[in-house]
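First residue of the sequence shown? That's 443 in the working numbering, and the numbers climb one at a time after it.
The beta carbon of each residue, even a glycine, is placed where N, CA and C say it ideally should be.
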Amino acid sequence: MDKIISIKNLTIAFDKNNEVVKNINIDFIRGKTTAIVGESGSGKTLSALSILKLLPTNAVIKNGKIFYKNIDILSLTLKEIEKIRGNKISTIFQEPMTSLNPLHTINKQIEEIIINHNQISSKDAKNKTIELLNEVGLEEISKRHKVYPYELSGGQRQRVMIAMSIANKPDVLIADEPTTALDVTVQTQIIDLLKDLQKKLGMTLIFISHDLSLVKKISDYVFVMKNGKINYYYFFK
Ligand SMILES: Nc1ncnc2c1ncn2[C@@H]1O[C@H](COP(=O)(O)OP(=O)(O)O)[C@@H](O)[C@H]1O
Ligand SMILES: [Mg+2]
443 MDKIISIKNL TIAFDKNNEV VKNINIDFIR GKTTAIVGES GSGKTLSALS ILKLLPTNAV
503 IKNGKIFYKN IDILSLTLKE IEKIRGNKIS TIFQEPMTSL NPLHTINKQI EEIIINHNQI
563 SSKDAKNKTI ELLNEVGLEE ISKRHKVYPY ELSGGQRQRV MIAMSIANKP DVLIADEPTT
623 ALDVTVQTQI IDLLKDLQKK LGMTLIFISH DLSLVKKISD YVFVMKNGKI NYYYFFK
């Protein structure tokens, strides 16, 4: 099986001795969905953030390596990892409102992401933005020009975040509790959308959740974390 990301013997600590991720190993298989599931505080988010070198500044990686393809992620400079973030490996988080700028239209925010990573005219970026909004099920929104985040429901905001996260056709999407803040019916719609997009774009999905029933719906592989360790794993397929 083709591994796209491998976490090897990763240990993360705060204040030197307070280990919160303890010698974990996970291989993420290309094109598949791998879930990390576990109770709050078990180390899921920190494990995911380390893949993009986005750990809080007081966190220390005591041991381990992370490979994306053949790239030794933890040894990259800031400039090098920035080329990967949001481009090859992209993320969506639980609370879309904190990730969206309330003062800018959503079109502008999506266009910026496209322009930052590509040589593209502003007209093409505008068209691409409309395409993306359609792709994530926001056809209505794509027809209006000035839509601000506060005008959208939680589910619609999460769709905008998903549009941003796939704007540059990433190899890997890390979704950290992407539906936790949403109503159950909306949760299902977002999960279905993520599944569809994954298939269409051939993305590898890393799905983080505390909800095992949700994880079962979407995952090929599941790793269960507890107290910073991987306790066991299931392969559904
Ligand atoms: N900035 C921080 N400083 C100190 N401890 C932290 C910090 N961020 C997270 N932690 C601790 O690390 C542990 C794992 O956190 P996290 O990966 O966010 O858990 P999860 O995503 O599984 O809920 C928790 O005990 C949390 O309190
Ligand atoms: Mg978390």
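Using a threshold of 6 angstroms, is the CB atom of Lys486 nearer than that to any non-hydrogen atom of ligand 2?
Yes, the Cβ of Lys486 comes within 6 angstroms of a heavy atom of ligand 2.
Roughly how far, in whole angstroms, is the beta-carbon of Lys530 from the beta-carbon of Asp613, given that I think they are within contact range, below 8 angstroms?
With a Cβ gap of about 5 angstroms, Lys530 and Asp613 count as contacting.
Hey, out of Val666, Gly596, Asp662 and Phe665, whose CA is closest to Glu537's CA?
For the residues Val666, Gly596, Asp662 and Phe665, the minimum Cα distance to Glu537 belongs to Gly596.
Return yes when the Cβ of Leu594 is within less than 7 angstroms of the Cβ of Ser584, no when it is not.
No.
Report the three-state DSSP secondary structure of Val614 (helix, strand or coil).
Correct three-state label for Val614: strand.
Where do the N-terminal and C-terminal ends of the alpha helix (DSSP H) with Asp638 fall, by residue?
Unbroken alpha helix (DSSP H) run through Asp638: Val626 to Leu643.
Ligand 1 and Val502: does the residue's C-beta get closer than 6 angstroms to at least one heavy atom of that ligand?
Val502: no, Cβ never under 6 angstroms from ligand 1.
If we count Cβ pairs, one from each stretch, closer than 8 angstroms, do we get three or more for the region 448-464 versus the region 505-512?
Yes: the two stretches touch, three or more of their Cβ pairs being nearer than 8 angstroms.
Taking the alpha helix (DSSP H) that Val657 belongs to, which residues open and close that run?
From DSSP, the alpha helix (DSSP H) with Val657 extends over Leu654 to Ile660.
Taking C-beta to C-beta, are Gly670 and Val462 nearer than 7 angstroms?
In this structure, Val462 lies closer than 7 angstroms to Gly670 by Cβ.
Classify Phe678: buried if its beta carbon has 16 or more other beta carbons within 10 angstroms, exposed otherwise.
Result: exposed.
So for Ser651, helix, strand or coil by DSSP?
The answer is strand: DSSP assigns Ser651 an E or B state.
Quick check on Met443: does DSSP put it in helix, strand or coil?
Correct three-state label for Met443: coil.
Answer yes or no: the CB of Pro498 versus the heavy atoms of ligand 1, is any distance below 6 angstroms?
Yes - ligand 1 has a heavy atom lying nearer than 6 angstroms to the Cβ of Pro498.
With 16 as the cutoff for other CB atoms within 10 Å, does Gln561 come out buried or exposed?
Under this definition Gln561 is an exposed residue.
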